[in-house]
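Peer 1:
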Amino acid sequence: VPAVLGTAVEELWASSNLAFKLCPMLTLGASEAILHFATPEQKQLYLPKMVRGEWAGTMNLTEPQAGSDLAQVRTRAVPAGPNYRLYGQKIFITYGEHDLTENIVHLVLARIDGAPPGVRGISLFIVPKYWVNADGTPGARNDVNCASIEHKLGIHASPTCVMMFGENEGALGVLVGEPNRGLEYMFVMMNAARLSVGLEGYAQGERAFQQAVEWARSRVQGKPPVSLAKVSGSASMGTNSSPGPIIGHPDVKRMLLGMKSTVEACRALALYAAFQLDLGGAHPDAAVRAAAQARGGSADSHRQGLLHRERHRDRLDRHTGSRRHGIHRGNRRRTDAARRAHHHHL
Amino acid sequence: MRRSIHWDGLRAAADSLLASLATAPDRAMAVSVPFLKLCGFTIGGWLLARAADIAARKLVQGDSDREFLEAKIASAHFYSTQVLAQTLALEHTVLQGSDAVVTTDAALI
């Protein structure tokens, strides 16, 4: 699906039920990482069911001591035949555990024993809730469990979990791509999620606006200082002497127009960015692709920027270049009415 | 004409931010969010103006979806006078706001 269409559809999900929408969002991110970096066999094993929504996916990055600073990741991966056994704790894991799908494909950052310290020693693993046999049939329940549900300010219908890996025999995991390149791979998921999180801001704004405008049209209160005829279309309310719906009051109108135009501006920005992504990734003309990528339509530019964020040059890029910030603005610009319910960790 | 105020403001703010990044990244970080807001308002205004422009042309051509197109123009009209004006304040903040953050001792907060 083109990003521009996906972005429009995702907005509808996010306006309707933000808590539910996070599940396909994380699945999409996990699918992207597998699509880009896993072997053909791994793709065949996981992707069809994830894309069909039969299996969900998660991103397991954060640990109690390692949030924005993933160099501090401590979860261990011990070689076990062709696979690995993982041991450690992850926090803030969106949709870490649930029974909405037959299986959950956890993508997990961990450090293989003997790996170099810092971000250069982090690898990415697939740890399915139920092991997947080579022929695609489900295997044993894996040693990965939800220890508790995090207490958030809102979106309580989205289970944000503390996940324990390897409390018993060790969580069986499959290495994705090459060892020690996990952070790079993970940012593919992160970047997919960034777009999705950004649009949540104006999706919630749209929801708040729809509720506000409906209320303002139906709530009759006070006598607006101008004729209501233009507003209500109802002759019976068109006199200055009788109360009218509050949408006729100039300041209420102003607030509604503010919500509406701001949501429209945010939406235009997100769709513009999505369109550049599509052009940058798929346009047959290389010059058009390059121009769109220069406008931010490249997943790669974000990954590189994040990987080297300690560098001055990239700090500069983050401030000047990218659609990422434009999208994130959506969250900053949510109306107060919509802000109340939205606070979560990826 | 009116558009150039906002673009010029964004450019002045970007130049100022780039200059501080080279020598004093803390000063740049202190006004980074106002700068992002400035980008957002300006780009939002640009895109709504584009939408209104297209809507106006379609109306002239007799497009049947009049209500939708007129609403696009109304949004852009409102945004340009009631929302976009914030770029002027944000430009000022980006240009002048670093000192108040950087020179304040965290213990005073």
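Chains as they are written, first to last, in my numbering: chain A, 1 to 346; chain B, 1001 to 1109.
Backbone N, C-alpha and C fix where the C-beta goes; we use that ideal spot for every residue, glycine too.
(1) Any C-beta of chain A sitting closer than 7 Å to the C-beta of residue 1038 (chain B)?
(2) Could you name the residues that DSSP lists as bridge partners for residue 63 (chain A)?
(3) Below 9 Å on C-beta distance, what does residue 1078 (chain B) contact in chain A?
(4) Note down the Cα distance separating residue 311 (chain A) from residue 1022 (chain B), rounded to an integer number of angstroms.
(5) Residues in its own chain within less than 7 Å of residue 25 (chain A) by CB, not counting five upstream and five downstream?
(6) In this structure, how does DSSP classify residue 221 (chain A) when only helix, strand and coil are distinguished?
(7) Could you compute how far the alpha carbon of residue 27 (chain A) sits from the alpha carbon of residue 243 (chain A)?
(8) Does residue 178 (chain A) come within less than 7 Å of chain B when only Cβ atoms are used?
(9) Identify every residue that forms a DSSP beta bridge with residue 146 (chain A).
(10) Between A:164, A:286, A:122, which has its C-alpha nearest residue 70 (chain A)'s C-alpha?
(11) Quick check on residue 91 (chain A): buried or exposed, where buried means 16 or more other Cβ atoms within 10 Å of its Cβ?
(12) What residues from chain A crowd round residue 1094 (chain B), counting only those whose CB sits closer than 8 Å?
(13) Are there 16 or more other CB atoms within 10 angstroms of the CB of residue 266 (chain A), so buried, or fewer, so exposed?
(14) Reducing DSSP to helix, strand and coil, say where residue 1083 (chain B) ends up.
(15) Please name the residue in A:173, A:138, A:126, A:252 whose C-alpha comes closest to that of residue 213 (chain A).
(16) Go ahead and label residue 1114 (chain B) buried or exposed: buried means 16 or more other beta carbons lie within 10 angstroms of its beta carbon, across all protein chains shown.
(17) Go ahead and label residue 1072 (chain B) buried or exposed: buried means 16 or more other beta carbons lie within 10 angstroms of its beta carbon, across all protein chains shown.
(18) What does residue 264 (chain A) reach in chain B if we use C-beta pairs closer than 7 Å?
(19) What does a CB cutoff of less than 8 Å around residue 51 (chain A) pick up in its chain, not counting 5 residues either side in sequence?
(20) Please list, in chain order, all residues of the same chain as residue 111 (chain A) whose beta carbon is under 8 Å from its beta carbon, the five residues on each side excluded.
(21) Going by C-alpha to C-alpha distance, which of A:169, A:97, A:105, A:48 sits closest to residue 87 (chain A)?
(22) According to the neighbour-count rule (16 or more other Cβ atoms, all chains shown, within 10 Å of its Cβ), is residue 1036 (chain B) buried or exposed?
(23) Inspect the beta-carbon positions of residue 109 (chain A) and residue 172 (chain A) and report whether they are closer than 7 Å.
(24) Going along the segment 74-94 of chain A in order, which residues come within less than 8 Å of chain B, judged by CB to CB distance?
(25) Where does residue 58 (chain A) fall in DSSP's three states?
(26) What would DSSP say about residue 89 (chain A), mapped onto helix, strand or coil?
(27) Quick check: what's the CA-CA separation for residue 15 (chain A) versus residue 7 (chain A)?
(28) To which residues of the same chain is residue 131 (chain A) closer than 7 Å at the C-beta, ignoring the five residues directly before and after it?
(29) Check whether the Cβ of residue 235 (chain A) lies closer than 7 Å to any Cβ atom in chain B.
(30) Okay, do the segment 1040-1048 of chain B and the segment 1006-1018 of chain B touch, 3+ Cβ pairs below 8 Å being the bar?
(31) Quick check: residue 1049 (chain B) and residue 1024 (chain B), are their CB atoms within less than 7 Å of each other?
(32) Is the segment 1086-1099 of chain B in contact with the segment 1025-1035 of chain B, if contact means three or more CB pairs nearer than 8 Å?
(33) Residues in the segment 171-200 of chain A with C-beta within 9 Å of chain B's C-beta atoms, listed in sequence order?
(34) Going along the chain, which residues of the segment 267-293 of chain A sit with their C-beta nearer than 7 Å to a C-beta in chain B?
(35) At a CB-CB cut-off below 7 Å, which residues of chain A make contact with residue 1083 (chain B)?
Peer 2: From the atom records:
(1) Working through the second sequence from its first residue, we reach residue 1038 (chain B) at position 38. Not an interface residue.
(2) Counting from one through the first sequence, the residue named residue 63 (chain A) turns up at place 63. In DSSP, residue 63 (chain A) forms a bridge with A:66.
(3) Within the second sequence, the letter at position 78 stands for residue 1078 (chain B). Those within 9 Å of residue 1078 (chain B) in chain A are 254, 257, 258, 260, 261.
(4) For the purposes of this step, residue 311 (chain A) is taken as the residue at position 311 of the first sequence. For the purposes of this step, residue 1022 (chain B) is taken as the residue at position 22 of the second sequence. Summary for residue 311 (chain A): the model assigns pLDDT 37, below 50, so the residue's position carries little reliability; its value from the coordinates is reported in the next sentence. Each residue's alpha carbon lies about 12 Å from the other.
(5) Your numbering for residue 25 (chain A) matches position 25 in the first sequence. Contacts found: 193, 196.
(6) Within the first sequence, the letter at position 221 stands for residue 221 (chain A). Coil, per DSSP.
(7) By one-based count along the first sequence, residue 27 (chain A) stands at place 27. By one-based count along the first sequence, residue 243 (chain A) stands at place 243. If I take the Cα positions, the gap works out to 51 Å.
(8) On the first sequence, position 178 is the one that residue 178 (chain A) refers to. Cβ-Cβ to chain B under 7 Å: no for residue 178 (chain A).
(9) Start at 1 with the first residue of the first sequence, and residue 146 (chain A) comes out as number 146. Looking at the DSSP assignment, residue 146 (chain A) forms a beta bridge with A:163.
(10) Within the first sequence, numbered from 1, the residue matching residue 70 (chain A) stands at position 70. It is A:122.
(11) Against the first sequence, residue 91 (chain A) aligns to sequence position 91. Buried, because 16 or more other Cβ atoms sit within 10 Å of the Cβ of residue 91 (chain A).
(12) Within the second sequence, residue 1094 (chain B) is the residue found at index 94, counting from 1. Simply none; closest approach about 11 Å.
(13) Numbered from 1 along the first sequence, position 266 holds the residue referred to as residue 266 (chain A). When all chains shown are included, residue 266 (chain A) counts as buried.
(14) Here residue 1083 (chain B) refers to the residue found at position 83 when the second sequence is read from its first residue. The answer is helix: DSSP assigns residue 1083 (chain B) an H, G or I state.
(15) The residue you call residue 213 (chain A) lines up with position 213 of the first sequence. Per the Cα distances, A:252.
(16) Because chain B here runs from 1001 to 1109, residue 1114 (chain B) falls outside it and cannot be looked at.
(17) The residue you call residue 1072 (chain B) lines up with position 72 of the second sequence. Under this definition residue 1072 (chain B) is a buried residue.
(18) As a first step, residue 264 (chain A) must be located in the first sequence, where it is residue number 264. The contacting residues are 1048, 1075.
(19) Here residue 51 (chain A) corresponds to residue number 51 of the first sequence, with the count starting at 1. Here the set comprises 31.
(20) Indexing the first sequence from 1 puts residue 111 (chain A) at position 111. Answer for residue 111 (chain A): 73, 74, 75, 76, 77, 121, 122, 123, listed in chain order.
(21) Locating residue 87 (chain A) in the first sequence gives position 87, counting from the first residue. Per the Cα distances, A:169.
(22) Residue numbering aside, residue 1036 (chain B) sits at position 36 when the second sequence is read from its first letter. By the 10 Å Cβ count, residue 1036 (chain B) comes out buried.
(23) Taking the first residue of the first sequence as position 1, residue 109 (chain A) is located at position 109. Taking the first residue of the first sequence as position 1, residue 172 (chain A) is located at position 172. No, the Cβ-Cβ distance between residue 109 (chain A) and residue 172 (chain A) is not below 7 Å.
(24) none
(25) The residue given as residue 58 (chain A) occupies position 58 in the first sequence. Note: residue 58 (chain A) maps to strand in three-state DSSP.
(26) Mapped onto the first sequence, residue 89 (chain A) falls at position 89. Strand, per DSSP.
(27) Here residue 15 (chain A) refers to the residue found at position 15 of the first sequence. Here residue 7 (chain A) refers to the residue found at position 7 of the first sequence. Whole-angstrom Cα-Cα distance: 12 Å.
(28) Locating residue 131 (chain A) in the first sequence gives position 131, counting from the first residue. The answer, listed in chain order, is 139, 140, 142, 172.
(29) The residue labelled residue 235 (chain A) in the question sits at position 235 within the first sequence. Caution applies to residue 235 (chain A), whose pLDDT of 48 falls short of 50 and renders its modelled position unreliable; the model cannot decide the point.
(30) Segments in contact, yes.
(31) On the second sequence, residue 1049 (chain B) is found 49 positions in, with the first residue counted as 1. On the second sequence, residue 1024 (chain B) is found 24 positions in, with the first residue counted as 1. No, the Cβ-Cβ distance between residue 1049 (chain B) and residue 1024 (chain B) is not below 7 Å.
(32) With the cut-off at 8 Å, the segment 1086-1099 of chain B and the segment 1025-1035 of chain B touch.
(33) Within the segment 171-200 of chain A, no residue qualifies.
(34) Taking 7 Å as the upper bound on Cβ-Cβ separation, chain B lies near residues 268, 269, 272 of the segment 267-293 of chain A.
(35) For the purposes of this step, residue 1083 (chain B) is taken as residue 83 along the second sequence, with counting starting at 1. Going along chain A in sequence order, the residues near residue 1083 (chain B) (Cβ under 7 Å) are 258, 261, 262.
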